[in-house]
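Below is one structure, written out as structure tokens, with a few remarks after it.
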Amino acid sequence: MSLVSTAAAYRHVQEGRVSSEVFRARICGDPFPKRSKLTCPAPAHIPRDHYNIPEFAEKAKWWAGFFAVDAEKHVREISDVDKIRLKYADDYGVGYHILSYTAPGIQDIADPGEALKAAQHTNDWVYEQIKDKPDRLGSFAALPMHDPKTAAAELRRCVEEYGFKGALVNDIQIGSDGESLIFYDKPEWDEFWQTCVDLDVPFYLHPKQPTGVVYDKLWADRKELVGPILSFSQGVSLHLLGMVTNGVFDRNPKLQIIIGHLGEGLPFNLWRAQHWFEDIKKPIGATTMKKTLREYFQQNIWITTSGHFSTPTLKYCIEEFGNADRIMFSTDFPFENYHDACTWFDGVEGLKEGDKVKIGRDNAKGLFRLATFKDCDTPLEK
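The opening residue of the sequence shown carries number -1 in our numbering; numbering runs sequentially from there.
So this is what it looks like as structure tokens:
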């Protein structure tokens, strides 16, 4: 995630790789003012980016084969934290990044003990990379999600000792048998969710590729649909709606969840889902949810533009939600590139006054309690 010149976004650090959400905001004195059509003062971009640990370079190269034309370039970019990443950031007016461990990350490690060690190592490593650049780089915690107590303890360590901005988890956790799937939508996970609330940090639910029997039965003969085309949105949508219908937000009303890619398709099904919960099957909806689905999106759920650079789609989400208060600019680097993300957002027209500043900077500054960062000491606009 990076705060910079015109938009708010964050990137994830996944599986030995560093990714980041970037929130960009341009302000007076921005070194590249001609890139933005905004007038001073303008928003600052804060992206979330992915990263990977260097010793996992071969695994990153294999994973890149699913998405990148130039796997070697992808590995160089995702294994780098500051040099390549911050050069792009300076070129495109990005002031601050929140890094996240790239998918599938810790969630594909079946053994609970090994998962904890990997998460701790990953978090320790990225902290060492970012600690001398607090005005440019932050991070989400990578977490082992086999049990809520262990996950909560590692999150607390990362937030209290390292100043991390929250957690990013790559969807469901593979169980210790290598086949079972652990969702976080049952009451036993309330201990973990309460820790997020107590620490006042958000939880980013990020997708990962399907594995095991799910992959064999559904995707093995449809490999082209794995990833951003279809499987990512299906996985996160199932998990998030499970949290809604299983009462996670009712039991933890202050919990804040982030999903990327302009809502993983959920905004476009919001009316129909709401219609069936409240109109067609109201008795069922009334017994499983204390609020309407739309209210959870208004009070507990944030979306980012990561990897979904469509102006009509962005405008639709704003209209569907009623405002731009829970939308943040994001790049999804290095799976996406800064040029596409930043030039798209800089060129977005037709938004209500103030919405571009919110999406590009202020929403992220508020959610992550960010003070100042490179090229942006602008206070939040009321």
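Note that the Cβ used here is the ideal one computed from N, Cα and C, for glycine as well.
query	result
Where M241 sits in the DSSP three-state scheme	helix
Bounding residues of the alpha helix (DSSP H) (the contiguous stretch that carries L312)	T309 to F319
Segment contact flag, the stretch 188 to 195 with the stretch 227 to 236, C-beta cutoff 8 Å, min 3 pairs	no
R359, buried or exposed, once every other Cβ within 10 Å from all chains shown has been counted against 16	buried
Buried versus exposed, by CB contacts within 10 Å (16 or more), D169	buried
Extent of the continuous alpha helix (DSSP H) to which N121 belongs	P110 to I128
Sheet register partners of G136 (DSSP bridge)	I96
Contact check, L216 vs P205, beta carbons under 8 Å	no
Segments of 4+ residues assigned as alpha helix (DSSP H) that fall wholly inside the stretch 187 to 224	188 to 197
CA nearest to the CA of T329, picked from Y90, E347 and L253	Y90
Beta carbon of F319 nearer than 8 Å to that of Q296	yes
P208 at chain C interface by Cβ criterion, 8 Å	Although the question refers to chain C, the structure presented lacks it and comprises just one protein chain.
For L268 and F247, the rounded distance between their alpha carbons	17 Å
Simplified DSSP state of N361, which is helix, strand or coil	helix
W342 versus G225: straight-line alpha-carbon distance, rounded	22 Å
Segment contact flag, the stretch 104 to 123 with the stretch 143 to 150, C-beta cutoff 8 Å, min 3 pairs	yes
Per DSSP, cross-strand counterpart(s) of M326	T302
Cβ distance (whole Å) where R256 is taken to contact P332 below 8 Å	Note that residue 256 is Ile in the sequence shown, not Arg. Between P332 and I256 the Cβ distance is about 20 Å, and since that is not below 8 Å, they are no contact.
Rounded straight-line distance, which links the Cα of Q105 to that of D219	24 Å
Extent of the continuous alpha helix (DSSP H) to which A165 belongs	Where A165 is concerned, there is no enclosing alpha helix (DSSP H), although the beta strand (DSSP E) it sits in stretches over A165 to N168.
7 Å CB neighbourhood of S174 in its chain, flanking five on each side removed	A108, D109, P110 and H144
Residue closest to T307, alpha-carbon to alpha-carbon, out of M287, A322 and Y336	Here residue 307 is Phe; the residue named in the question, Thr, does not match the sequence. For the residues M287, A322 and Y336, the minimum Cα distance to F307 belongs to Y336.
For I180 and N244, the rounded distance between their alpha carbons	14 Å
DSSP three-state assignment for L349, whether helix, strand or coil	coil
Neighbour-count burial assignment, E159, 16 or more Cβ in a 10 Å radius	exposed
Proximity winner among I76, Y86, G176 and N321, relative to E351 (alpha-carbon distances)	N321
Cβ-based neighbour list, F190, same chain, cut-off 6 Å, excluding 5 preceding and 5 following	P146, A149 and A150
Supposed close pair T311, L238 - CB separation, criterion 8 Å	Not really, about 18 Å apart at Cβ, beyond 8 Å.
G164 vs F371 beta-carbon contact at 8 Å	no
Own chain, CB closer than 6 Å to P265, minus 5 neighbours either side, in chain order	C315 and E318
Cβ-Cβ separation, L135 to I97 (assumed contact under 8 Å), whole Å	According to the sequence shown, residue 97 is Leu rather than Ile. Yes, L97 and L135 are in contact; Cβ-Cβ is about 7 Å, under 8 Å.
T37 to E177 span [Cα, whole Å]	In this prediction, T37 has a pLDDT of 28, which is less than 50 and means its spatial position is unreliable; what the coordinates show is noted afterwards. Using only the alpha carbons, I get a separation of about 53 Å.
For I82, the first and last residue of its enclosing alpha helix (DSSP H)	K81 to Y90
Burial state of P102 (16 or more Cβ within 10 Å)	buried
Same chain only: Cβ atoms within 7 Å of K356, ignoring 5 sequence neighbours per side	A322 and D323
Three-way DSSP call (helix, strand, coil) for I76 in this model	helix
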